[in-house]
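Novice: 6 is the number of the first residue of the sequence shown in my numbering; add one for each residue after it.
By construction, the Cβ of each residue, glycine as well, lies at the ideal position given by its N, Cα and C atoms.
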Amino acid sequence: MNLDSATNAKTAAAPDPLAASTGVETLPTRRRARASRPGLSLLASGEPMIWLTGGALVICLVMIVGLLGYILYQGIITFWPTPIVQVELLDGTKYLGEITRYETYELTTNATESMPPEIASAAMAIMDKNAKPRVDRRLFRTGNFELTQTHFHWVSDFEIGDETEPEWAIVAERLSGGRFYGMPREFAERFPREIADQELRLAKAVTFLQSAPYQLNDEQRAAIADQLAELEPKLAALQEQWEAERRENVERMLDEFGEREIETDQRIDVVLESGETIPLTDAQPTQPVVEVQLVRDGAAPAWAGFRKFHGEIRERFHEREHLQKHDSGEIDERMNDARLSVRQAELDFNVIALPAAEELTRLDTQLEALEQAKAEADEAVAAIVELAGKETPLATLAEQLGRSIKVRIDEEMRKPRDRIAELRADLDTLPAPVVKVVDEYLATQSGARRESAEVQQRIERMRDENLRYELRVETVDGTPSQLALDDVVRAYPANQLGLFGKLGVYGSRWIEFLTDKPRDSNNAGGVFPAIWGTVAMTLIMAILVVPFGVLAALYLREYAKGGLIISVIRISINNLAGVPSIVFGVFGFTFFCYTVGAYIDRGPAGAEVTPWPPRIWYVALFVLAICGTAGFVFGISSLSSNARARRGWQTWLRRIAFASWIVCFSLAVMLIAKSPFFDGFFAAYAPNPKFGTGGLLWASLTLALLTLPVVIVATEEALSAVPNSLREGCYACGASKWQTIRRII
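(1) Applying the 10 Å Cβ sphere with the 16-neighbour rule, what's the burial state of Phe157?
(2) What are the uninterrupted segments assigned as alpha helix (DSSP H) that are 4 or more residues long and contained completely in the region 320-354, given in chain order?
(3) Going straight from the alpha carbon of Pro436 to that of Phe354, what length do you get?
(4) Thr720 lies in the alpha helix (DSSP H); which residues open and close that run?
(5) Would you be able to state if there are at least three C-beta pairs under 8 angstroms between the region 235-253 and the region 421-429?
(6) Taking 8 angstroms as the cut-off, decide whether the C-beta atoms of Arg348 and Ala689 are in contact.
(7) To which residues of the same chain is Ala489 closer than 6 angstroms at the C-beta, ignoring the five residues directly before and after it?
(8) Roughly how many angstroms lie between the CA atoms of Gly568 and Ile576, to the nearest whole one?
(9) Can you give me the start and stop residues for the beta strand (DSSP E) that Ile265 sits inside?
(10) With distances taken between CB atoms, is the gap from Gly602 to Gly697 smaller than 8 angstroms?
(11) Can you give me the C-alpha to C-alpha distance between Asp287 and Asn471, rounded to a whole angstrom?
(12) How is Ile530 classed by DSSP in three states: helix, strand or coil?
(13) Should Leu32 be labelled buried (16 or more other beta-carbon atoms within 10 Å of its own) or exposed?
(14) Per the DSSP calculation, His158 is bridged to which residue(s)?
(15) Let me check understanding here. Comparing Cα to Cα, which of Ala635, Ala136, Asp337 and Trp85 lies closest to Leu508?
(16) Would you kindly work out how many angstroms separate the C-alpha atoms of Ser526 and Gln461, rounded to a whole number?
(17) Rounded to whole angstroms, what is the Cα-Cα separation between Asp332 and Gln289?
(18) Can you tell me the Cα-Cα spacing of Asp606 and Ala709, whole angstroms?
(19) Please go through the region 578-655 and give each complete beta strand (DSSP E) segment of 3 or more residues, from N-terminal end onward.
(20) Return the CA-CA distance between Ile621 and Trp666, expressed in angstroms with no decimal places.
(21) May I have the straight-line CA-CA distance separating Val588 from Leu549, to the nearest angstrom?
(22) Going by CA-CA distance only, name the one from Ala582, Val718, Thr656 and Val493 that's closest to Gly182.
(23) On the three-state DSSP scale, how would you describe Asp469?
(24) Mind checking Ala130: buried by the 16 CB within 10 Å criterion, or exposed?
(25) Need the endpoints of the alpha helix (DSSP H) that Glu418 sits in, please.
(26) Short of 8 angstroms in beta carbon distance, which residues of its chain neighbour Leu701, apart from the five on each side in sequence? Order them along the chain.
(27) Can you give me the start and stop residues for the alpha helix (DSSP H) that Val390 sits inside?
(28) Considering Cα atoms alone, identify which of Asn222, Leu112 and Glu194 is closest to Asp133.
(29) With a threshold of 16 other CB atoms inside 10 Å of the CB of Val103, please say whether the residue is buried or exposed.
(30) Nearest to Ala448 by alpha carbon, out of Gly554, Asp415, Arg339 and Leu375?
(31) Residues in the same chain with beta-carbon distance under 8 angstroms from Gln215, minus the five sequence neighbours each way, listed in chain order, please.
(32) Does Ala174 come out as helix, strand or coil in the three-state DSSP assignment?
(33) Three-state secondary structure (DSSP) at Gly166?
(34) If you drop the 5 nearest sequence neighbours on each side, which residues of the same chain put their C-beta closer than 7 angstroms to that of Trp703?
(35) Using the C-alpha atoms, what's the distance from Asp491 back to Glu268?
(36) Distance, Cα to Cα, Pro360 vs Arg419?
Below, the structure is given as structure tokens:
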């Protein structure tokens, strides 16, 4: 029984009051029963729309969560080390690498035309069984780009003749060139031959006597022609002494390594000047030995040597990078600052001094090189006198050659010195502050050159020390190759890794990804600069946009009265909230970088704005003062509370004040943009921009412009959610507008 039936039954059972009073029997009335249709009730209740909207929400959530989950899954498995697989195709081609992707495709006749005969036969056999067969293939990351000119190879399953996972297959992640896949064969530790002091003095003496006669002019050579005629036998004797000293040192080095105890999987090789490598047992003292190598032969010993030295080599590599980035960078920055100081002095005093200062620097460098040549000649003469003895013919000849060479060098130095004197005389005519800045520039350049030479020597020593170690590997096709240890970021035998070994590689890759900079043309390395830039840009954007956005929303919601201007402002804010981000990006790039930044660097000329003549600029400044005064006076006058008859005048006064302030603001912008008295803060940097290029500040300002409408709209929505009863109650208690906003809203 439904509700209508029950109602009808109650109505029929109840006595009629009219019949009871009149005594007249009346016929009972029955209310027509309304049929209930289930479909109509369901539609009326809106339940299908509830299910429809709820289902749409669920679909959206599933899509979002699924996309995020897929991205997270792909990101997690990207750094997980996978086994290294070696495949040999039917035509004998071998590939060694990691499997990165699986795919199924339709095999066609056209595809078989470019295949080798053996593989084409296998493909045709498959197509004979099925007209349109679908076959599986895998994408192998094979690396070794410098050898194969590609990083990946597709391999179909029907192409494979044999597939294995070599035990000693390694993957080496390098600074450049991508990954390297191969098998370790040897690990070499080089020991360059050290030249003793006596041998070094003999080498200097022989080199000096061989080259000195050719450094003299005809007049000098004629003056000592008799002594030069007797030089050949004396030089030959000195060369024999040098050769004997060299043989003795080589023999001492060979004996030292011959007495060294080595393991069974190690050997000692000797490298000659020609690049030929021979066993230590075959080396002779008479041969030109360059270095001795301790070689660990075999995959396991080679890998053990790599693990032993790779850590300290990477530490030296990072120390070398620190020297290059910080020490060398600080020296270069100091030199550039000195140059900019001279350029700024030129702009301040309207003179030209930088070309002369740079030429003085070049001449000083040239004189330093000539002084170094004189010092080397003195060292060679001293070595000859020490070897041959004083008052000997050879010593006398060496001293004569040394004096002649120094005379020639002094003649070469005369021209740079004269030019320096001329430049100095020209600089003395400039203002004293400019001369002082130029002197500081020259002193800075001289000191920086010495410091830079010392830093470069330290860097070269570290580089030479790292180059002593080398891992010799072999590719899958037997091609030998060498890996410099300081170029290897990490390497591991993938097929020997257990769970903890894989976790170690996995964690190392994640740490590198989050804390390191990109490398290898942004194909490897980390994203720390991007993370830092994003965080810094967002923080600066929040500092800029939150105060202005919240204050603007407070004014629009709590203080501003409805009107045409407020309506236009609200519409503009809502429209800006829907503008695509690319529009803001283009605006920020053109306005902030090319206009505001260029103006900061070089003034109106940098922003390609024609400045006003001083007379017009002063007239505009006078008009600005008048408009500002008028706006202030009319604005104050419009606030006076007089009789009702003056309310119309107050409205006009407000309008005039508003127009005056608009004109005042426009004139202020024009006065700044077209100022003839501003040449920029960084004019000395021209033509290189300082602020007139992309940077963190301009990116943050652009992002702030993009976010500002959203902040204003969101703040207004939050303020509108506060009940008016709270405001009215606060006003009833005697609170002001600002107290209500601060305490209640």
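Specialist: Taking the geometry as given:
(1) Answer is exposed; the Cβ neighbour count stays below 16.
(2) With a minimum length of 4 residues, the continuous alpha helix (DSSP H) runs that stay inside the region 320-354 are 333-354.
(3) For Pro436 and Phe354, the distance between alpha carbons rounds to 8 angstroms.
(4) Here the alpha helix (DSSP H) through Thr720 covers Leu701 to Ser725.
(5) Not touching, per the Cβ criterion.
(6) For Arg348 and Ala689, yes; Cβs fall inside 8 angstroms.
(7) Within the same chain, Ala489 has no close Cβ partners at all.
(8) Spanning the two alpha carbons is a distance of roughly 12 angstroms.
(9) Note on residue identity: the sequence assigns Arg, not Ile, to residue 265. From DSSP, Arg265 is part of no beta strand (DSSP E); its letter is neither H nor E.
(10) Yes; because the gap between Cβ atoms is below 8 angstroms, this pair is in contact.
(11) Their Cα atoms are separated by approximately 28 angstroms.
(12) According to the sequence as given, residue 530 is Gly; it is not Ile. DSSP places Gly530 in the strand class (E or B) of the three-state scheme.
(13) With a pLDDT of 48 at Leu32, under the threshold of 50, the predicted position of this residue should be treated as unreliable, and no value is reported.
(14) Looking at the DSSP assignment, His158 forms a beta bridge with Phe145.
(15) Of all alpha-carbon atoms in Ala635, Ala136, Asp337 and Trp85, the one lying nearest the alpha-carbon of Leu508 is that of Trp85.
(16) Spanning the two alpha carbons is a distance of roughly 26 angstroms.
(17) Distance between the alpha carbons of Asp332 and Gln289 is about 45 angstroms.
(18) Asp606 and Ala709 have their C-alpha atoms spaced approximately 23 angstroms apart.
(19) Those beta strand (DSSP E) runs which fall completely within the region 578-655 and span 3+ residues do not exist here.
(20) Distance between the alpha carbons of Ile621 and Trp666 is about 21 angstroms.
(21) Their backbone Cα atoms lie some 20 angstroms apart in a straight line.
(22) Among Ala582, Val718, Thr656 and Val493, the Cα nearest to that of Gly182 is on Val493.
(23) Asp469: helix per DSSP, three-state reduction.
(24) Classification for Ala130: exposed.
(25) For the record, residue 418 in the displayed sequence is Met; it is not Glu. Unbroken alpha helix (DSSP H) run through Met418: Pro398 to Asp433.
(26) Only Gly538, Ala541, Met542 and Ile545 meet the Cβ criterion.
(27) First-last of the alpha helix (DSSP H) with Val390: Leu359 to Ala393.
(28) Selected option, being the one with the closest Cα: Leu112.
(29) Position check: residue 103 holds Glu in this sequence, whereas Val was assumed. Label assigned to Glu103: buried.
(30) It is Arg339 whose Cα lies nearest to the Cα of Ala448.
(31) Answer for Gln215: Leu240, listed in chain order.
(32) If DSSP states are grouped into helix, strand and coil, Ala174 belongs with coil.
(33) For Gly166, the three-state secondary structure derived from DSSP is strand.
(34) Gly593, Phe597, Cys598 and Gly602, listed in sequence order.
(35) Just so you know, the alpha carbons of Glu268 and Asp491 end up roughly 26 angstroms apart.
(36) Per the coordinates, the alpha-carbon of Pro360 lies some 21 angstroms from the alpha-carbon of Arg419.
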